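Here the structure is laid out as structure tokens; the discussion comes afterwards.
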Amino acid sequence: MRASVLARASLRHATLRSGERTACQRTFASLSTRNHSITGQRHERIPCFSQHQQTQHQRQQRRWQSGTAAAIQEAAVHDPSALSQEAIVENLDPKEAARLDKVRNIGIAAHIDSGKTTATERVLFYTGRIKDIHEVRGRDAVGAKMDSMDLEREKGITIQSAATFCDWIKKQPDPVTGEMKDEKYHINLIDTPGHIDFTIEVERALRVLDGAVMILCAVSGVQSQTVTVDRQMRRYNVPRISFVNKMDRAGANPWKAVDGISQKLKMPAAAVQIPIGVEDQFKGVVDLIRMKALYSEGQNGEVVREDEVPSDLVQFANEKRRVLIDTLADVDDSIADAVLEEVTPGPDEIRAAIRRATISLKFSPVLMGSALADKSVQPMLDAVVDYLPNPSEVTNLALDRKRAETPVKLVSYNSLPFVGLAFKLEESNFGQLTYIRVYQGSLRKGANVFNARTGNKVKIPRIVRMHSNEMEEVQEIGAGEICAVFGVDCASGDTFTEGGLGYSMTSMFVPDPVISLSIKPKHTKDTPNFSKAISRFQREDPTFRVHVDVESGESIISGMGELHLSIYVERMRREYHTDVITGQPQVAYRETLQSHVPFDHLLKKQTGGAGDYARVVGYIEPTGQLGQNHFEQQIVGGTIPEKYMFACEKGFKESCQNGPMLGHRVLGASMVITDGATHMTDSSEMAFKNATQQAFRKAFLAAAPQVLEPLMKTVITAPTEFQGNIVGLLNKRNAVINDTEIGPEEFVLTADCSLNAMFGFSSQLRAATQGKGEFSMEFSHYAPAPGGLQKELVAKYEKERAEKAKK
Ligand SMILES: Nc1nc2c(ncn2[C@@H]2O[C@H](COP(=O)(O)OP(=O)(O)OP(=O)(O)O)[C@@H](O)[C@H]2O)c(=O)[nH]1
1 MRASVLARAS
11 LRHATLRSGE
21 RTACQRTFAS
31 LSTRNHSITG
41 QRHERIPCFS
51 QHQQTQHQRQ
61 QRRWQSGTAA
71 AIQEAAVHDP
81 SALSQEAIVE
91 NLDPKEAARL
101 DKVRNIGIAA
111 HIDSGKTTAT
121 ERVLFYTGRI
131 KDIHEVRGRD
141 AVGAKMDSMD
151 LEREKGITIQ
161 SAATFCDWIK
171 KQPDPVTGEM
181 KDEKYHINLI
191 DTPGHIDFTI
201 EVERALRVLD
211 GAVMILCAVS
221 GVQSQTVTVD
231 RQMRRYNVPR
241 ISFVNKMDRA
251 GANPWKAVDG
261 ISQKLKMPAA
271 AVQIPIGVED
281 QFKGVVDLIR
291 MKALYSEGQN
301 GEVVREDEVP
311 SDLVQFANEK
321 RRVLIDTLAD
331 VDDSIADAVL
341 EEVTPGPDEI
351 RAAIRRATIS
361 LKFSPVLMGS
371 ALADKSVQPM
381 LDAVVDYLPN
391 PSEVTNLALD
401 RKRAETPVKL
411 VSYNSLPFVG
421 LAFKLEESNF
431 GQLTYIRVYQ
441 GSLRKGANVF
451 NARTGNKVKI
461 PRIVRMHSNE
471 MEEVQEIGAG
481 EICAVFGVDC
491 ASGDTFTEGG
501 LGYSMTSMFV
511 PDPVISLSIK
521 PKHTKDTPNF
531 SKAISRFQRE
541 DPTFRVHVDV
551 ESGESIISGM
561 GELHLSIYVE
571 RMRREYHTDV
581 ITGQPQVAYR
591 ETLQSHVPFD
601 HLLKKQTGGA
611 GDYARVVGYI
621 EPTGQLGQNH
631 FEQQIVGGTI
641 PEKYMFACEK
651 GFKESCQNGP
661 MLGHRVLGAS
671 MVITDGATHM
681 TDSSEMAFKN
691 ATQQAFRKAF
701 LAAAPQVLEP
711 LMKTVITAPT
721 EFQGNIVGLL
731 NKRNAVINDT
741 EIGPEEFVLT
751 ADCSLNAMFG
761 FSSQLRAATQ
771 GKGEFSMEFS
781 HYAPAPGGLQ
791 KELVAKYEKE
801 RAEKAKK
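Residue numbers (full-length UniProt numbering): 1 to 807.
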């Protein structure tokens, strides 16, 4: 490790030499924000800056000297990159800084069944939010607080993310006197589902949270959904601490999880604790930073007793402390310097380094415990406070539409104009609830805010803080907090601002649905309820889509998997008393082409009265990648006027929505129009649109068309004795097995399987493994469907079309 610290040190110097100007500018930016903003006295010329930059800088200094929130905001608008997050934090009004320092917005995310809800239940209990602990699928049949939906309690799975808040009292030294005292931290927490079918819930929670607790199972370590969650955390730059749960289970091994985070997720990680005992002997942990043993005692582990490190663990604890420091030295300069100087850093330095490295997404500290056995959850809460950022430490940008979409840094000041993002909609008994993350300014009951997308002014009639399915009314919510409001008509992902601020924030990533099925109410009398349910589910869940098939007139629902759609079908029955009839699940196939085909198509109908005339000439060809489709005109001499070209483009886009082979979407098609002809009276936009669609269809079918099917990354975990059965099941489905990891008791198999071949797999897996196997599936990519299937699908589609045409 020392070698790597040395290598890094010399690399740092080399970078400075080779990129002097950039490095100097960076130093300058940080200097200017550190010194000038506070003292406002230093005006020395920095040699690598031009006169213009110098003047800009002095202007900026003057603004910062005023020290007001508005000045910081103005400086951020002027050049967001020059205003470091550090500068924002340093410039915060001390009162606001003290308020924000005590706020944490966190999410709990993990693979299915890792214990997210169980851990959240402990968090609520230890923070005094709930009086008793109830288990997921517990014997008392009450269910955990955060799984409030009946279906969640029955199935023992989380379907919707649930928000809550609590106060955690942490003992910490007073910065001035050094005496230990209680500090109260306000934690807004979102418990997310683990099943990939409900991945949008994780996506939108992570979009608005400042930090996360990634839970791992002590037996399984990094699992398929851990990888997905890791990807989502990276997408939104969310720092995370890791909690290895289920230390009480047979086969628990926290080091497997620590290695998995470093190696599989490529996130430098080190344990900040070691276990005292494991499996049914698990008693507590040794805190490697303070070198103290922590035992969870009392009926529900509510008492954390601190003691000396057991003598048989001292050597191991020292070794693991060394590993922690060495890992930190690779990601943090001050620890690297200490290591180079052979100084052992103290607890405060280690804690500060972990905080810096975690917030800058370079490291994840690993804690361990057992939520179900009520052990070692409180130290995890301390770690949330110690290592995850407060709202002012996270960079949040908006685009200023009044200044050509210039990025603006939002500052969590209550006194600035309000900016908030609606990240989740939910229908409650009292009307539509909109969850809002307040990024800047504060939101008051009765205030008028603007929806940046629609430009509509909306009055906020009621503000509440959510505690799972309960709510607490509040008059105002400050910057950096999360709340829900009633009576606001908007879409998920809308930005709200005060006055005509003109800011809008980017929304969350919404994956495309991969599966669909036709649906209709069983009894006609239920149609109004059916429509209500469909429109509510669509509003709440952007991955649940509904369309009416133009040819069959059937309603088609699409979603992320069989479980996703079946939950909505069940909810219609329970919540809307509507039984439905569903068709066979359909795969979201795609269509593409493989060769270049020219076309010269004439649409001509001139049989008296107003006729149709449009001629389009050009070619279609593959774009080379299965991303966006492409339309281009290369007309010379205006043979097709501009207004008809728009109609041609519209025709192309519509054709791509409804492919010529199966009526599924077209991917990777390029259409270029090079020539054409019009008629004095018979040409129209409609004629050009139709002509383009006809030309596209004919050319596409001649361009070696291909049906693409979704391949799913499938991960199966089961006891080792069933490996042969499972490989047999997968071979029957022509799956490609990419990896098999065999553990002492279980094996994990990763394969690419066609979604089409996976219908009904869950019941066959259950039968083949005596109910002990589990699997998860996630969309991986589109690949050409086998020739036989392709022919079968095309023949079926043609037959259906012919039958419909007869009717
Ligand atoms: N042995 C043991 N079991 C646990 C522990 N924590 C949770 N469980 C059990 O694991 C199962 C899943 O727990 P949940 O809390 O629902 O897990 P989850 O991650 O919220 O589940 P999803 O949201 O559905 O993915 C339940 O049966 C829990 O009782 C633990 O520390 N030890």
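Built from N, CA and C at the ideal position, the CB exists for glycine as well. Treat the numbers as computed from the prediction; the structure is a model and nothing was measured.
Just to confirm my understanding: we take residue i, look at its own chain, exclude 5 residues before and 5 after, and list those with CB closer than 8 Å. What are they?
i: residue 115; result: 215, 217, 245, 246, 371 and 372
i: residue 729; result: 761, 764, 765 and 768
i: residue 291; result: 309, 317 and 321
i: residue 13; result: Note that residue 13 has pLDDT 39, beneath the 50 cutoff, so the model's placement of it is unreliable and no number is given.
i: residue 475; result: 444, 445 and 463
Once you ignore the five residues that flank residue i on each side, which residues in its own chain have a CB closer than 7 Å to its CB?
i: residue 659; result: 591, 665 and 666
i: residue 310; result: 276 and 293
i: residue 47; result: Here residue 47 scores only 35 on pLDDT, less than 50, and its place in the model should not be relied on; the value that follows carries that caveat. Nothing meets the Cβ criterion.
i: residue 168; result: 127, 185, 187, 381 and 385
For residue i, I'd like the list of residues in its chain whose CB is within less than 6 Å of its CB, leaving aside the five on either flank, ordered along the chain.
i: residue 796; result: none
i: residue 240; result: 212, 214, 233 and 364
i: residue 328; result: 335 and 353
i: residue 382; result: 170
i: residue 162; result: 146, 191 and 468
i: residue 495; result: 421, 452, 504 and 505
i: residue 230; result: 265
i: residue 699; result: 597, 599 and 620
i: residue 630; result: 623 and 670
Given a cut-off of 7 Å on the beta-carbon distance, is the pair residue i and residue j in contact?
i: residue 891; j: residue 380; result: The requested residue 891 does not occur in the structure, where the chain is confined to residues 1 to 807.
i: residue 285; j: residue 376; result: yes
i: residue 435; j: residue 491; result: no
i: residue 262; j: residue 715; result: no
i: residue 412; j: residue 480; result: yes
i: residue 252; j: residue 107; result: no
i: residue 158; j: residue 193; result: yes
i: residue 708; j: residue 752; result: no
i: residue 564; j: residue 197; result: yes
i: residue 614; j: residue 683; result: yes
i: residue 356; j: residue 330; result: no
i: residue 347; j: residue 289; result: yes
i: residue 687; j: residue 612; result: yes
i: residue 668; j: residue 622; result: yes
i: residue 374; j: residue 300; result: yes
Are there 16 or more other CB atoms within 10 angstroms of the CB of residue i, so buried, or fewer, so exposed?
i: residue 100; result: buried
i: residue 763; result: exposed
i: residue 437; result: buried
i: residue 401; result: exposed
i: residue 577; result: exposed
i: residue 200; result: buried
i: residue 64; result: Note that residue 64 scores a pLDDT of 44, beneath 50, so its modelled location is shaky and nothing firm can be said.
i: residue 744; result: exposed
i: residue 731; result: exposed
i: residue 466; result: buried
i: residue 781; result: exposed
i: residue 785; result: buried
i: residue 741; result: exposed
i: residue 581; result: exposed
i: residue 250; result: exposed
i: residue 339; result: buried
i: residue 430; result: exposed
Is there a Cβ of chain D sitting closer than 7 Å to that of residue i, yes or no?
i: residue 787; result: Chain labels in this structure do not include chain D; a single protein chain is all it has.
Following the continuous alpha helix (DSSP H) through residue i, name the residue where it begins and the one where it ends.
i: residue 254; result: 254-263
i: residue 860; result: This structure gives no information on residue 860, because the portion of the chain shown stretches from 1 to 807.
i: residue 564; result: 562-576
i: residue 386; result: 378-387
Could you check where the beta strand (DSSP E) with residue i kicks off and where it finishes?
i: residue 549; result: First-last for residue 549: undefined, no H or E at that position.
i: residue 585; result: Run containing residue 585: none; DSSP gives neither H nor E here.
i: residue 431; result: 431-440
i: residue 749; result: 746-754
i: residue 631; result: 630-633
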